[in-house]
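Colleague: Questions regarding the structure given below will be posed in turn.
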Amino acid sequence: MRLRDSVSIAMRNRSSSSLGSTGHITAGELLNGDLSEKLELSENSYAFLHNIRGASAYWDKAKLDLFAMFRTLGPPTFFITLSADDMNWFDLMCVLAICD
1 MRLRDSVSIA
11 MRNRSSSSLG
21 STGHITAGEL
31 LNGDLSEKLE
41 LSENSYAFLH
51 NIRGASAYWD
61 KAKLDLFAMF
71 RTLGPPTFFI
81 TLSADDMNWF
91 DLMCVLAICD
């Protein structure tokens with residue numbers, strides 16, 4: 001649902017005036033490089049996917065947000081990673097044994 005809405009908005013934002021006189025992009029125009037600067041194909045072609053988790057635009061936005069936090073708050077001074085030892089949980093092993 002979010003993907004469809006994002007694509008719809010992206011298509012509305014793209015005006016036909018930026019696509020040249022015919023309203024269509026040809027391979028020659030892209031190879032020439034004239035339209036690639038106008039459309040900013042290298043960075044903004046998938047920017048409408050910034051709300052879809054897993055898309056490259058989503059992770060680019062997350063990376064920029066993280067860098068902004070570093071600039072604002074400074075570098076992290078304490079970082080910890082925790083993981084659960086689920087292989088030694090007796091109750092979990094009992095439930096899994098019942099399911100098999």
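Residue 1 is where the sequence shown starts when you use the UniProt record's numbering, and the numbers rise one by one after that.
The beta carbon of each residue, even a glycine, is placed where N, CA and C say it ideally should be.
Are there 16 or more other CB atoms within 10 angstroms of the CB of C49, so buried, or fewer, so exposed?
Modeller: Per the sequence shown, residue 49 should be read as Leu rather than Cys. Burial call: buried.
Colleague: Assign L82 to one of three DSSP states: helix, strand, or coil.
Modeller: DSSP places L82 in coil when its eight states are reduced to three.
Colleague: Hey, quick one: how far does the alpha helix (DSSP H) through I52 stretch, first residue to last?
Modeller: No alpha helix (DSSP H) holds I52; DSSP gives it neither H nor E.
Colleague: In angstroms, rounded to a whole number, what distance separates the CA positions of Y58 and L31?
Modeller: Distance between the alpha carbons of Y58 and L31: 28 Å.
Colleague: Let me know the secondary structure DSSP gives G74 once reduced to three states.
Modeller: In this structure, G74 counts as coil in the three-state DSSP scheme.
Colleague: Check for me: the alpha helix (DSSP H) holding D91 runs from which residue to which?
Modeller: Counting along the chain, the alpha helix (DSSP H) containing D91 begins and ends at F90 to C99.
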